[in-house]
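All remarks here apply to the structure that follows.
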Amino acid sequence: MKTRLSLFTLMACLVLLPSLVFAQAKYKDEYKMSVVVGPKLPWGEGATAFADLVRERTDGRINIKVYTSSALMAGKQTNEFLLHRQGVADFCFASTINWSTTIKPLNLFNLPFFFPDYTALDAVITGQPGKELEEMLQQKGVTVLAWGENGFREITNSKRSIKTPADLEGLKIRVVGTPIFIETMQALGANPVNMNWGDAQVAFQQGVVDGQENPVVAIEIPVKIWQFHKYATIWRYVIDPLMLTVNNEVMASFTPEDQEIIRQAAMEAATTQRGIVRKGLIAPDLSALDTLRENGMEVVELSQADRDIFRAKTSAVYEKWTEVIGADLVKKAEAAIATTR
Ligand code: X2X
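For the sequence shown, this note's numbering gives the first residue as -3, with consecutive numbering after it.
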């Protein structure tokens, strides 16, 4: 009896094994998702929300593990796109800034003082320019599932209130290792230093730099920037959208039903995340700025006329990078913004 049972088991295994191996080869036990910041920030939470939705709705067939704090790229955030394309990261919730060193047209969002407000940004992303950027990434091996947001990047520092470009003179400002940021800060008279996000947080603590620029709700409030910097200027100098993406080959390995689940989950998670990081930053609800003030910061809000002075100072950067990005794409973005005025 014992022998017959094990013989039966053996035969059953021989019949079933190929299909098991096939199923396993098709879907991995774990898919890796890359995020530059920590798990407790809205950006990290958005990635987790996406992973949870996909796991639930696929009954665990697709198990995405979120690697926060740039863990998949040993801290080097500007390497993220290349690692994603190679499949080191299957999914990303990524900032356009970090990919713009590799994908030059993404510098569209880094053009100094280009996007006046969120309406303008939405028009560009949902319009022709956004579509063209998605197509370009698709051709380079990556599918954009949805757009989230880090936000407009606002400057903070420990030395003085910034109201005009002259106030920036000589201030040591941490920026991401992306050329256009260095050039913009130099054009404004500041002394930019590039640093990865992980090192930057230590640098703020130790006072190695005088200031930094990041979005208020997505980054500055959660990291309690007031511990290091007393002065904030709301100048909206660049916008930082996030893209929720999947490697094309990974996407193609899923059934059409699972692909649909992934698309839907990405839209839901990114839309929620975008809502969270805009809250308190659009008049009349400017409660996020109150949070900075309640924590002892002096907050300056630049008028459009003030911004124009900064914009004029950076016009050479704008012109140079328009060529790098592609004049045609910039023109289409200008046209999309003009429809919102
Ligand atoms: O490094 C930054 O400043 C951050 C976290 O905002 C980005 O990844 C662009």
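Glycine included, every Cβ here is placed at the ideal spot set by N, Cα and C. The model shown is predicted, which means the values in this text are computed figures rather than measured ones.
Please name the residue in the options whose C-alpha comes closest to that of residue i.
i	options	result
residue 330	187, 126, 163	126
residue 175	239, 204, 74, 233	74
residue 320	106, 94, 49	106
residue 336	113, 40, 140	113
residue 187	158, 89, 205, 252	205
residue 44	30, 55, 54	30
residue 191	246, 185, 209, 257	209
residue 177	314, 223, 69, 260	314
residue 202	184, 185, 316, 223	223
residue 165	154, 157, 185	185
residue 155	118, 128, 229, 119	229
residue 308	48, 249, 183, 253	183
Does DSSP put residue i in a helix, in a strand, or in coil?
i	result
residue 25	coil
residue 277	coil
residue 141	strand
residue 111	coil
residue 45	helix
residue 345	This structure gives no information on residue 345, because the portion of the chain shown stretches from -3 to 337.
residue 57	coil
residue 91	strand
residue 324	helix
residue 149	strand
residue 32	coil
residue 123	coil
residue 18	Caution is warranted here: a pLDDT of 46 is assigned to residue 18, below 50, making its placement in the model unreliable, and the coordinate value is therefore given only provisionally. Note: residue 18 maps to helix in three-state DSSP.
residue 203	coil
residue 332	helix
residue 72	coil
residue 302	helix
residue 178	helix
residue 282	coil
residue 106	helix
residue 316	helix
residue 373	Outside the displayed range of the chain (-3 to 337) lies residue 373, so it cannot be described from this structure.
residue 40	helix
residue 309	helix
residue 160	coil
residue 86	coil
Less than 7 Å between the C-beta atoms of residue i and residue j, yes or no?
i	j	result
residue 46	residue 265	yes
residue 207	residue 241	no
residue 238	residue 146	yes
residue 85	residue 78	no
residue 310	residue 115	no
residue 143	residue 121	yes
residue 83	residue 243	yes
residue 140	residue 130	yes
residue 101	residue 322	yes
residue 168	residue 189	yes
residue 233	residue 108	yes
residue 332	residue 123	yes
residue 193	residue 32	yes
residue 236	residue 149	yes
residue 273	residue 38	yes
residue 296	residue 159	yes
residue 218	residue 306	no
residue 93	residue 172	yes
residue 67	residue 76	no
residue 54	residue 278	no
residue 60	residue 87	yes
residue 282	residue 231	no
residue 104	residue 111	no
What does residue i pair with, by DSSP beta-bridge criteria?
i	result
residue 184	According to DSSP, residue 184 bridges with nothing at all.
residue 168	187
residue 296	229
residue 345	Look at the range of the chain in this structure, -3 to 337, and you will see that residue 345 is not part of it.
residue 208	152, 170
Looking at the ligand SAM, does it come within less than 6 Å of residue i, judged from the CB to the closest heavy atom?
i	result
residue 93	Only the ligand X2X can be found as ligands here, which leaves the ligand SAM out of the picture.
Extract the residue ranges of the beta strand (DSSP E) inside the segment 219 to 262, only unbroken runs of 3 or more that lie entirely within it. Correct list: 227 to 243.
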